[in-house]
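> With the first letter of the sequence shown counted as 1, position 80 gets the number 79 in numbering that gives the first Met the number 0; the numbers rise by one all the way through.
Below is one structure. I have some questions about it.
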Amino acid sequence: MVLMLGETFGAHDVPVQIVDEEALLIVGSRCAHPPRLLIGDSTVALTGNPASRQYEVSRQLREGGSIRALLALSGAQSVVIDWIPAAAAA
């Protein structure tokens, strides 16, 4: 599941973030700087760590898959995926 925020069509360097699927709309409503693409994942709530999903997203971006297809439908010219959470980077 991908939530597209703001005007993604034709945009460059659109941030992509993996979030807990159940909190997808809440996180989306708090995003102050669209455009942004949020990928909902049901395992984040269980583990608290999106690492396994990051691997799957990376694989699908390289080799193709439903996530790549959804990101292509956003119309974004390019995306930026930051795997380091903001809290860890500070």
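We put the CB at the ideal spot given by N, CA and C, even for glycine.
Beta-carbon within less than 8 Å of E6's beta-carbon, same chain only, minus the 5 sequence neighbours each way: which residues are those?
For the purposes of this step, residue 6 is identified with residue 7 of the sequence shown, where counting begins at 1. Counting only Cβ-Cβ distances below 8 Å, and skipping sequence neighbours, we find P33, P34.
> Please report the residue range of the alpha helix (DSSP H) in which G27 lies.
In the sequence shown, counting from the first residue as 1, residue 27 sits at position 28. Start and end: 23-29.
> Provide the residue span of the alpha helix (DSSP H) that contains S73, from first to last.
Along the sequence shown, one-based indexing puts residue 73 at 74. No alpha helix (DSSP H) contains S73, which DSSP labels as neither H nor E.
> I'd like the list of long-range same chain contacts for R67, defined as Cβ closer than 7 Å, with 5 residues on each side in sequence excluded.
Mapped onto the sequence shown, residue 67 falls at position 68. Excluding residues within five positions, the ones whose Cβ falls inside 7 Å are Q59, L60.
> Quick check: does the Cβ of D40 come within less than 7 Å of any heavy atom belonging to the ligand MG?
Absence of the ligand MG from the depicted structure is noted, as is the absence of any ligand whatsoever, leaving it without description.
> Hey, quick one: how far does the beta strand (DSSP E) through G64 stretch, first residue to last?
Along the sequence shown, one-based indexing puts residue 64 at 65. G64 -> no beta strand (DSSP E), and no H or E assigned at all.
> Considering only the alpha carbon of each residue, which of G9, F8, A10, A50 lies closest to Q16?
Within the sequence shown, residue 16 is the residue found at index 17, counting from 1. Taking only the C-alpha atoms, the option nearest Q16 is A50.
> What's the C-alpha gap between L23 and L4?
For the purposes of this step, residue 23 is taken as residue 24 along the sequence shown, with counting starting at 1. For the purposes of this step, residue 4 is taken as residue 5 along the sequence shown, with counting starting at 1. Cα to Cα, L23 sits roughly 11 Å from L4.
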